[in-house]
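**Student:** In our numbering, the protein residues as written are 9 to 381. Just so you know, even glycine gets a beta-carbon here, dropped at the ideal spot from N, CA and C. Please find one structure pasted underneath; my questions will follow.
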């Protein structure tokens, strides 16, 4: 078999939270797995905090140095986040700081949304003035990239040390590395106190790092293909790849995301991008589109924040995650599954729910192969 050919029991389309969970669960169920993705989707636009009612498999998989289960966090705007499933360890868990201590908030010259004084008022903290050699930048990304080189985090911490005496912890804006995942830990080791950042907004460094950390949950042996695929319905999966590669598989899991992730697209009507599967309203009462169907509509009618038809729309699936046809009862294919925000009613449920959804679909896809023989 050439490098351009891949064979896998289960193919997961999408590399976000739901896709990673589907791949890991299918692998744990004994299947060979490949993931095809050309980006992190909506997961990479997160804050670094893991939301959602479903705690597993996040709690079971989050052991190690990169994730924290539970915790209490603060946003750039000074809002306290309660009830999180967990977060990247680079975010400061303000609920775990020593009682009676005084944390510090660094007044760093960066994106104008960062107000150290506002955040300090929220936390009852002390504003820490940045040294003259502190990294600066008009965006959080510009600052974050300066802390990636070897030794940069330690050097910055040493320059901060005299200003951090007597503090119980140090909070920074969301700048603790762009590609590295250990900047907060390295700074904390130098200062001898907990060091962390505030939760970010879409596109900020914590979301990008969260996606990298989730990708580390993919087991060794799972093939990751930087590509894009479409699915053709039939008795067996028919796949067309942008690169022209040949992939043979027995089950497919669509974890392509919603409108933000690209799994749903608006072209006169709301359409599922990878398989042309029927898209349903959130309440599952009517089909918005079938493959090849299109109806003109006012975009406001579709995307109004409260009443838009696109709100919560997506694929309808059975309890195992199999995609259903336009009658709402018949599987579109015995081998086709879906998970995450591409599914009906899932939009905005959070990373933890996407992980649980993906794990269920991946496990079902792997187990169904054995039943089909």
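Please report the distance separating the alpha-carbon of residue 13 from that of residue 236.
**Tutor:** Rounded to whole angstroms, residue 13 to residue 236 spans 15 Å at the Cα level.
**Student:** What does the alpha-carbon distance come out to for the pair residue 373 and residue 262?
**Tutor:** If I take the Cα positions, the gap works out to 11 Å.
**Student:** Just curious, the alpha helix (DSSP H) that residue 126 is in, first and last residue?
**Tutor:** Note, residue 126: alpha helix (DSSP H), 124–131.
**Student:** Using the Cα positions of residue 299 and residue 280, report the straight-line distance between them to the nearest angstrom.
**Tutor:** In this prediction, residue 299 has a pLDDT of 47, which is less than 50 and means its spatial position is unreliable; what the coordinates show is noted afterwards. Rounded to the nearest angstrom, the two C-alpha atoms are 8 Å apart.
**Student:** For residue 151, does the count of other Cβ atoms within 10 angstroms reach 16, so buried, or fall short, so exposed?
**Tutor:** Answer is buried; the Cβ neighbour count reaches 16.
**Student:** So, with DSSP's three-state summary, where would you put residue 276?
**Tutor:** Three-state result, residue 276: coil.
**Student:** For residue 109, which residues of its own chain have a beta-carbon under 8 Å away from its beta-carbon, when the five flanking residues on both sides are left out?
**Tutor:** So the list reads 175, 176 and 177, once near-sequence residues are dropped.
**Student:** Nearest by alpha-carbon distance to residue 288: which of 161, 171 and 353 is it?
**Tutor:** Taking only the C-alpha atoms, the option nearest residue 288 is 353.
**Student:** Taking the alpha carbon of residue 44 as the point to measure from, which residue in 103, 357 and 19 has its own alpha carbon closest?
**Tutor:** Looking at the Cα atoms, 19 is the closest of the given residues.
**Student:** Using the Cα positions of residue 369 and residue 30, report the straight-line distance between them to the nearest angstrom.
**Tutor:** Each residue's Cα considered, the two are about 6 Å apart.
**Student:** Report yes if the C-beta distance between residue 200 and residue 155 is below 7 Å; otherwise report no.
**Tutor:** For residue 200 and residue 155, no; Cβs fall outside 7 Å.
**Student:** Going along the chain, which unbroken runs of the beta strand (DSSP E) with 3 or more residues stay wholly within the segment 44–126?
**Tutor:** Those beta strand (DSSP E) runs which fall completely within the segment 44–126 and span 3+ residues are 75–77, 94–96 and 112–115.
**Student:** Taking the alpha-carbon positions, what's the residue 324 to residue 229 distance?
**Tutor:** The alpha-carbon atoms of residue 324 and residue 229 are separated by roughly 31 Å.
**Student:** Quickly, what does DSSP pair residue 346 with across the bridge? List them, please.
**Tutor:** DSSP, once it has assigned bridges, lists 262 as partnering residue 346.
**Student:** Is residue 363 helix, strand or coil when you go by DSSP?
**Tutor:** Looking at residue 363 - three-state DSSP - the assignment turns out to be helix.
**Student:** Based on Cα-Cα distance, which residue from 166, 364, 330 and 57 lies nearest to residue 98?
**Tutor:** Ranking the options by Cα distance to residue 98, first place goes to 57.
**Student:** Keeping to the same chain, check which residues put their C-beta closer than 8 Å to that of residue 133; ignore five residues upstream and five downstream.
**Tutor:** So the qualifying residues of the chain are 110, 111, 112, 113, 127 and 179.
**Student:** Hey, how far is the Cα of residue 267 from the Cα of residue 144?
**Tutor:** Cα to Cα, residue 267 sits roughly 34 Å from residue 144.
**Student:** Going along the chain, which residues of its own chain have a beta-carbon closer than 7 Å to the beta-carbon of residue 161, five neighbours each way excluded?
**Tutor:** The residues are 155, 191, 194 and 195.
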